[in-house]
């Protein structure tokens with residue numbers, strides 16, 4: 001290929017074309033000597049030029065195409081023609097290729113050494129270069145260079161070994177480099193690396209009659225990879241049991257455990273749950289990234305008005321604050337965010353958890369162990385004798401735990417806990433249903449936070465979206481009026497793995513107790529309590545908060561409707577949508 005060349009050095013050329021000044025170039029060159037970064041990146045860091053300006057300038061000067069990777073549907077097989085190590089080193093991505101030509105996107109096509117290395121590796125193909133944003137390249141590397149092929153290779157190799165002998169020597173109970181000789185360890189290492197790369201929260205290993213399913217939950221949705229090697233499931237689960245310290249001889253009963261591994265500089269705490277199923281043992285692993293640290297309350301995504309009120313609640317001297325929602329809705333993240341803010345020298349904080357998910361300095365954290373009789377109620381009774389200011393109970397599971405927690409809240413302690421309910425309004429009545437005296441709930445409960453996670457629309461492929469007639473009817477029911485906002489949805493791109501979504505955001509509903517609600521609780525009047533709650537100052541349902549996010553283009557209409565249905569907010573609206581559908585049929 002004809003190598004692209006700038007007519008002069010990049011800095012001089014930018015000055016010549018009056019994109020930057022002489023003084024800015026001199027300042028950037030001095031900074032470059034300190035940081036060691038390329039001049040272009042240094043100019044961007046100093047805000048002398050934007051990345052888009054630089055890329056457009058390079059494309060124009062080198063007479064190259066400017067390409068958006070996010071807009072292209074790229075075949076992973078084409079990408080793999082350039083190994084991941086070289087792709088990341090030279091910031092180069094094979095966008096499309098055949099036996100004769102290859103289109104390669106680079107963030108710095110003026111780097112002749114990088115161009116030569118890429119061209120040599122792709123020879124004898126003719127290489128055509130394109131200019132691509134470095135951010136897009138890094139995102140594409142994570143989504144395209146998956147471990148799928150590697151997993152399939154190790155699975156096939158393990159199947160061969162299994163056919164030769166059913167005895168597996170598993171060795172140590174970790175995935176360190178010392179285990180590289182064990183194929184099962186290599187396979188698990190690839191599975192964990194792939195999960196961390198795509199930001200998975202859970203890994204499911206599910207044996208079936210003629211296949212082995214390995215599924216990953218990404219942004220709340222499972223993604224499936226099917227392996228034909230069914231016989232390797234036992235070896236994988238056996239190895240995971242060893243790592244989690246479980247009984248490898250017991251295959252008839254469910255077991256729970258945990259272990260910690262390091263994957264790509266991430267310290268991952270893995271919670272393991274095994275369960276006997278029809279074709280063996282299924283294993284589900286929850287991945288908690290300890291290296292990312294604990295989010296503060298400012299970072300969990302609460303709207304400013306709710307955040308201000310939550311801060312007021314947690315800094316009260318006594319009372320109970322509940323965080324409610326289904327499994328995986330971020331309750332623990334919110335509680336730890338509150339604890340990190342309350343964790344000061346002046347406060348004694350004790351937590352009762354099952355399991356302890358994050359380790360916090362200065363806080364006394366107790367791990368519940370039902371096997372030895374160390375349950376929530378027993379630990380909580382002892383906790384009250386430890387002179388705490390703040391108590392966090394992992395979950396209100398039974399009548400005894402609830403009553404001890406409530407009595408702790410009215411005897412000078414701030415009690416934080418979680419509960420499994422659909423919304424904030426039903427939480428207070430749930431405590432009474434669990435056997436707590438109504439007068440005690442009314443006296444102790446100060447507030448309830450209900451929360452869910454909704455998927456964010458991918459910023460790189462977001463486009464306008466208009467609701468259809470049925471959707472509009474439901475949105476107007478939630479809005480209690482017309483809903484003429486512009487909404488967004490993801491078209492699907494490389495950045496979001498063609499799902500239209502990337503990442504999640506918390507949706508919160510805060511209910512603060514007032515006199516009318518307390519009176520209704522004492523009378524155990526569910527209907528009057530719900531009516532008083534909905535009229536309470538500052539109360540907005542989760543569905544309405546999610547609708548606000550949709551109006552801002554953060555999430556989609558479908559996510560709002562799904563959340564509304566899950567908390568039964570749109571029961572009345574269902575009749576509206578059915579009526580709209582009926583009108584269409586009549587027409």
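Numbering (UniProt numbering), first residue to last: 1 to 587. No residue lacks a Cβ here, since even glycine has one placed at the ideal position from N, Cα and C. None of these values were measured; they are calculated from a predicted model.
Rounded distance between the beta-carbons of residue j and residue i, thought under 8 Å
| i | j | result |
| --- | --- | --- |
| residue 438 | residue 522 | 5 Å |
| residue 96 | residue 126 | Going by Cβ atoms, the distance from residue 96 to residue 126 rounds to 13 Å, so no, they are not a contact pair. |
| residue 200 | residue 287 | 6 Å |
| residue 456 | residue 333 | Incorrect: roughly 16 Å between the Cβ atoms, too far for contact. |
| residue 357 | residue 297 | Rounded, the Cβ-Cβ distance is 17 Å, inconsistent with contact. |
| residue 592 | residue 230 | Here the chain covers residues 1 to 587 and nothing more, so residue 592 does not appear. |
| residue 517 | residue 529 | 6 Å |
| residue 109 | residue 129 | 5 Å |
| residue 366 | residue 352 | 5 Å |
| residue 478 | residue 374 | Going by Cβ atoms, the distance from residue 478 to residue 374 rounds to 45 Å, so no, they are not a contact pair. |
| residue 302 | residue 506 | 7 Å |
| residue 511 | residue 410 | So it is not a contact: roughly 19 Å between Cβ atoms. |
| residue 322 | residue 452 | Going by Cβ atoms, the distance from residue 322 to residue 452 rounds to 15 Å, so no, they are not a contact pair. |
| residue 414 | residue 318 | 6 Å |
| residue 51 | residue 139 | About 14 Å; that fails the 8 Å criterion. |
| residue 431 | residue 393 | About 13 Å separates the two Cβ atoms, so there is no contact after all. |
| residue 86 | residue 121 | 6 Å |
| residue 4 | residue 46 | Not a contact, Cβ separation roughly 26 Å. |
| residue 54 | residue 64 | 13 Å between Cβ atoms; not a contact. |
| residue 291 | residue 267 | 5 Å |
| residue 196 | residue 263 | 5 Å |
| residue 526 | residue 419 | About 16 Å separates the two Cβ atoms, so there is no contact after all. |
| residue 471 | residue 557 | 6 Å |
Residues bridged to residue i [DSSP beta-bridge criterion]
| i | result |
| --- | --- |
| residue 364 | 350 |
| residue 418 | 323 |
| residue 128 | 103 |
| residue 97 | 102 |
| residue 65 | 130 |
| residue 396 | According to DSSP, which records beta bridges pairwise, residue 396 is partnered with nothing at all. |
| residue 92 | 106 |
| residue 206 | 213 |
| residue 391 | 350 and 415 |
| residue 20 | Answer is none; residue 20 lacks a bridge partner. |
| residue 447 | 321 and 512 |
| residue 556 | DSSP lists no partner for residue 556. |
| residue 369 | 374 |
Of the listed residues the options, nearest to residue i (C-alpha basis)
| i | options | result |
| --- | --- | --- |
| residue 544 | 525, 450 and 519 | 450 |
| residue 213 | 226, 220 and 485 | 226 |
| residue 488 | 469, 549, 82 and 207 | 549 |
| residue 331 | 421, 388 and 414 | 421 |
| residue 261 | 285, 278, 496 and 98 | 285 |
| residue 407 | 444, 502 and 478 | 444 |
| residue 294 | 317, 355, 361 and 39 | 361 |
| residue 434 | 398, 194 and 266 | 398 |
| residue 509 | 557, 531, 567 and 464 | 567 |
| residue 541 | 343, 315, 423 and 384 | 423 |
| residue 441 | 469, 475, 404 and 470 | 404 |
| residue 346 | 289, 315, 235 and 188 | 315 |
| residue 208 | 91, 246 and 277 | 277 |
| residue 269 | 391, 486, 58 and 359 | 359 |
| residue 355 | 369, 344 and 343 | 369 |
| residue 194 | 222, 151 and 220 | 151 |
| residue 131 | 551, 259, 116 and 106 | 106 |
| residue 136 | 92, 526, 534 and 520 | 92 |
Residue-chain proximity (residue i, chain D), Cβ-Cβ < 7 Å
| i | result |
| --- | --- |
| residue 322 | No chain D is present in this structure, which holds just one protein chain. |
Item to check | Ranges of the alpha helix (DSSP H) found wholly within the stretch 253-336, counting only runs of at least 4 | outcome: 304-314
Next on the checklist: Ignoring anything shorter than 4 residues, give me the alpha helix (DSSP H) runs that lie fully in the stretch 451-532, in order along the chain.
Outcome noted: 469-479 and 515-522
Next on the checklist: Taking contact to mean 3 or more Cβ pairs, one atom from each stretch, closer than 8 Å, check whether the stretch 131-147 and the stretch 64-80 are in contact.
Outcome noted: Touching, per the Cβ criterion.
Next on the checklist: Threshold first: 3 residues or longer. Then list the beta strand (DSSP E) segments lying entirely within the stretch 213-251, N to C.
Outcome noted: 221-227
Next on the checklist: Can you confirm whether the stretch 266-283 touches the stretch 304-315 when touching is taken to mean that 3 or more C-beta pairs between the two stretches lie within less than 8 Å?
Outcome noted: Between the stretch 304-315 and the stretch 266-283, the count of Cβ pairs shorter than 8 Å is below three; the stretches do not touch.
Checklist entry - Three or more C-beta pairs closer than 8 Å, one from the stretch 246-254 and one from the stretch 269-277: is that the case here? => result With the cut-off at 8 Å, the stretch 246-254 and the stretch 269-277 touch.
Item to check | the stretch 453-471 in contact with the stretch 488-505 per 3-pair CB rule at 8 Å | outcome: yes
Checklist entry - Taking contact to mean at least 3 C-beta pairs separated by less than 8 Å, is the stretch 32-46 in contact with the stretch 2-22? => result Yes, since at least three Cβ pairs between the stretch 32-46 and the stretch 2-22 fall closer than 8 Å, the two stretches touch.
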